[in-house]
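All residue numbers for the sequence shown refer to the numbering used here, where the first residue is 441 and numbers rise by one. Structure record follows, encoded as structure tokens.
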Amino acid sequence: MTDSEATGYDCLTSRLVPEGELRTFLLDCFEIADGELFIGHAERVTDELRSYPGDAVFAAFCTYDDQVSGHFAMSVSVGIEGRLADRVGRHEFAERFAASFDTYVLYGDTEPPGLWTVVLPDGSHLRAAMEEDEDRYVLYAATAPIPGLVDLRVDEGLWLNR
Numbered sequence: 441m442t443d444s445e446a447t448g449y450d451c452l453t454s455r456l457v458p459e460g461e462l463r464t465f466l467l468d469c470f471e472i473a474d475g476e477l478f479i480g481h482a483e484r485v486t487d488e489l490r491s492y493p494g495d496a497v498f499a500a501f502c503t504y505d506d507q508v509s510g511h512f513a514m515s516v517s518v519g520i521e522g523r524l525a526d527r528v529g530r531h532e533f534a535e536r537f538a539a540s541f542d543t544y545v546l547y548g549d550t551e552p553p554g555l556w557t558v559v560l561p562d563g564s565h566l567r568a569a570m571e572e573d574e575d576r577y578v579l580y581a582a583t584a585p586i587p588g589l590v591d592l593r594v595d596e597g598l599w600l601n602r
């Protein structure tokens with residue numbers, strides 16, 4: 441029996457991850473069998489689901505979008521059963537993703553409105569503020585520098601926002 445309810449992990453990544461590599465990562469990360477995972481491009485989910493029985497249930501259901509821009513190259517959304525949330529928490533998921541793909545990962549959890557957590561490939565994390573416009577995501581401030589984003593304003597005061 442699981443202690444956690446089903447949940448979802450949504451994130452933005454600074455690099456594109458091919459679907460096959462994403463599949464391998466998710467299977468290993470959540471320690472599930474191939475048949476327990478659905479993965480598909482956000483724009484093609486309906487078509488891709490036609491190849492499964494109508495009553496198919498997946499422990500992890502992942503969609504991704506490689507059409508984002510700004511400081512990010514891809515969005516990933518993973519809906520998971522509670523037993524998987526018990527295995528791997530949201531922050532740990534972002535840490536593993538960042539380390540596995542040498543990317544920085546932005547996600548939200550308990551931050552104040554308008555702020556996000558960014559995990560770097562080395563496992564360090566910082567708080568960041570971002571502007572969103574449709575599928576364009578641009579960071580404008582962070583509590584520490586992010587490699588490759590030389591014009592990003594550093595504002596340690598973002599930690600003080602509750």
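Note that CB positions come from ideal geometry on N, CA and C, so glycine has one too.
Other residues of its chain near residue i: CB distance less than 7 Å, five sequence neighbours each side excluded
i: arginine 527; result: Phe470 and Glu471
i: phenylalanine 498; result: Glu476, Leu477 and Phe478
i: leucine 589; result: His511 and Leu579
i: glycine 554; result: Ala569
Sequence-distant residues of its chain with Cβ nearer than 6 Å to residue i (five each side left out)
i: alanine 568; result: Trp556, Val558, Leu579 and Ala582
i: phenylalanine 501; result: Phe478 and Gly519
i: alanine 539; result: Pro561
i: glycine 448; result: Gly519
Span of the beta strand (DSSP E) around residue i
i: aspartate 505; result: 500–505
i: leucine 456; result: Neither: leucine 456 is in no beta strand (DSSP E) and is coded neither H nor E.
i: threonine 557; result: 555–559
i: valine 545; result: 545–547
Coil, strand or helix - residue i by DSSP
i: histidine 511; result: coil
i: serine 540; result: helix
i: threonine 447; result: strand
i: glycine 597; result: helix
i: leucine 516; result: Per the sequence presented here, residue 516 reads as valine, with leucine not at that position. DSSP places valine 516 in strand when its eight states are reduced to three.
i: glycine 480; result: strand
i: aspartate 575; result: coil
i: alanine 534; result: helix
Beta-carbon spacing of residue i, residue j below 8 Å
i: tyrosine 577; j: phenylalanine 512; result: yes
i: glycine 522; j: alanine 473; result: no
i: aspartate 450; j: tyrosine 547; result: yes
i: aspartate 575; j: valine 508; result: yes
i: leucine 452; j: serine 515; result: yes
Distance cut-off 7 Å: residue i Cβ against heavy atoms of the ligand GTP
i: leucine 560; result: No copy of the ligand GTP appears in this structure; indeed no ligand is present at all.
Nearest candidate by alpha-carbon position, reference residue i, set the options
i: proline 458; options: Leu524, Val518, Tyr504 and Gly554; result: Tyr504
i: valine 545; options: Pro553, Asp575, Asp562 and Thr486; result: Asp562
i: aspartate 608; options: Gly529, Glu596 and Ala539; result: Given that the chain is displayed from residue 441 to residue 602, the structure contains no residue 608 and the question cannot be resolved.
i: leucine 466; options: Trp599, Phe533, Ser564 and Val594; result: Phe533
i: arginine 463; options: Glu596, Pro552, Phe541 and Leu600; result: Phe541
i: glutamate 535; options: Leu524, Gly494, Pro493 and Ser564; result: Ser564
i: serine 454; options: Asp591, Pro587, Glu483 and Asp495; result: Pro587
Segment limits, alpha helix (DSSP H) that includes residue i
i: glycine 460; result: 459–470
i: leucine 592; result: Leucine 592 -> no alpha helix (DSSP H), and no H or E assigned at all.
i: aspartate 526; result: 522–527
i: glutamate 488; result: 485–489
Cβ shell of residue i (< 8 Å), same chain only, five flanking positions each side left out
i: serine 481; result: Sequence inspection shows histidine at residue 481; the serine mentioned does not correspond to that position. If we look at histidine 481 and ignore the five residues flanking it on each side, its Cβ neighbours are Glu459, Glu488, Thr503, Tyr504, Asp505 and Asp506.
i: valine 594; result: Ala581, Ala582, Thr583, Ala584 and Pro585
Residue-level contact to chain C via CB, residue i, 8 Å cutoff
i: aspartate 474; result: Chain labels in this structure do not include chain C; a single protein chain is all it has.
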